[in-house]
Amino acid sequence: MHKFYDDLKSYILNQEQETKELLIPYYETLLQLESYSEMKDLLNHYNEKEYQIDYNDADTDDPYSNGWLEIYEMHNPISYTIELDLGNMQGNYCQCNPEDEDYISDKGCCGILCDASLPKVSIVKEVKMLNHEFQGYERDLWELEEKWLTDYEKELLYKKKLEKVSSIEKRIEQLQKELNAAKSDLEN
Ligand SMILES: [Zn+2]
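Below is the structure:
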């Protein structure tokens, strides 16, 4: 087994029970991708450096996300994000009962197309293009920031006033047309 899968397995086994149960189905889903060329990219890079694996909880307001895994190495510009989502709902409302041939009593269901959302993963490769720190002293930055409060704010205000003038002009033009039409209607 590839080192990435070994490490991910250990990572999952070291989590709290709830997180462990959440991540296991995603491990199995990722394992199905083992021979995919896209996955090989990740696996090859993973071998080269000491990559870290980190799990992040989902945003609470996204019902289709179970969070994401970050695969990164501090000094390496290439990192990966594995999004852990829920696939589309499959099947119909569960109507299984204990007499069914495939019934699994632990689960109270036969587990085939009973309103299930299976784990779905997306792998995003990220390449950090460059690192750049502001060149200059802090006071240089203060001077530049000052422009935002004075010049740039004034520019924005001027643009807004200009837009207002142009919008009034358009309305006058439209009203002039309507006035002309109404007058010519009067003469007929
Ligand atoms: Zn069922």
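My numbering puts the first residue of the sequence shown at -10, with every later residue one more than the last.
Glycine included, every Cβ here is placed at the ideal spot set by N, Cα and C.
All values derive from a computational prediction rather than experimental measurement.
For residue i, is the beta carbon positioned less than 8 Å from some heavy atom of ligand 1?
{"i": "Q79", "result": "no"}
{"i": "G181", "result": "In the structure displayed, the chain extends from -10 to 177; residue 181 sits before or after that span and is not available."}
{"i": "Q21", "result": "no"}
{"i": "G56", "result": "no"}
{"i": "Q84", "result": "yes"}
Express the C-alpha separation of residue j and residue i in angstroms, rounding to a whole number.
{"i": "L164", "j": "L146", "result": "27 Å"}
{"i": "E176", "j": "K136", "result": "59 Å"}
{"i": "L19", "j": "S111", "result": "10 Å"}
{"i": "N77", "j": "S106", "result": "6 Å"}
{"i": "P52", "j": "T70", "result": "19 Å"}
{"i": "K(-8)", "j": "E88", "result": "44 Å"}
{"i": "D74", "j": "K159", "result": "50 Å"}
{"i": "Y(-6)", "j": "N120", "result": "30 Å"}
{"i": "S155", "j": "A171", "result": "24 Å"}
{"i": "S24", "j": "E17", "result": "13 Å"}
Indicate the three-state DSSP secondary structure (helix, strand or coil) for residue i in the structure shown.
{"i": "P14", "result": "helix"}
{"i": "E70", "result": "Position check: residue 70 holds Thr in this sequence, whereas Glu was assumed. DSSP places T70 in strand when its eight states are reduced to three."}
{"i": "Q163", "result": "helix"}
{"i": "E59", "result": "strand"}
{"i": "K38", "result": "coil"}
{"i": "I101", "result": "coil"}
{"i": "E115", "result": "strand"}
Here's the rule I'm using: 16 or more other beta-carbon atoms within 10 Å means buried, otherwise exposed. How should residue i be labelled?
{"i": "W131", "result": "exposed"}
{"i": "S68", "result": "buried"}
Who are the Cβ neighbours of residue i in its own chain at under 6 Å, not counting the five residues just before and after it?
{"i": "Y44", "result": "L58"}
{"i": "Y0", "result": "I42"}
Here's a check: name, in chain order, each residue in its chain whose Cβ is nearer than 8 Å to the Cβ of residue i, leaving out the five neighbours to either side.
{"i": "Q4", "result": "L12 and Y44"}
{"i": "D30", "result": "K114"}
If you drop the 5 nearest sequence neighbours on each side, which residues of the same chain put their C-beta closer than 7 Å to that of residue i?
{"i": "H34", "result": "I67"}
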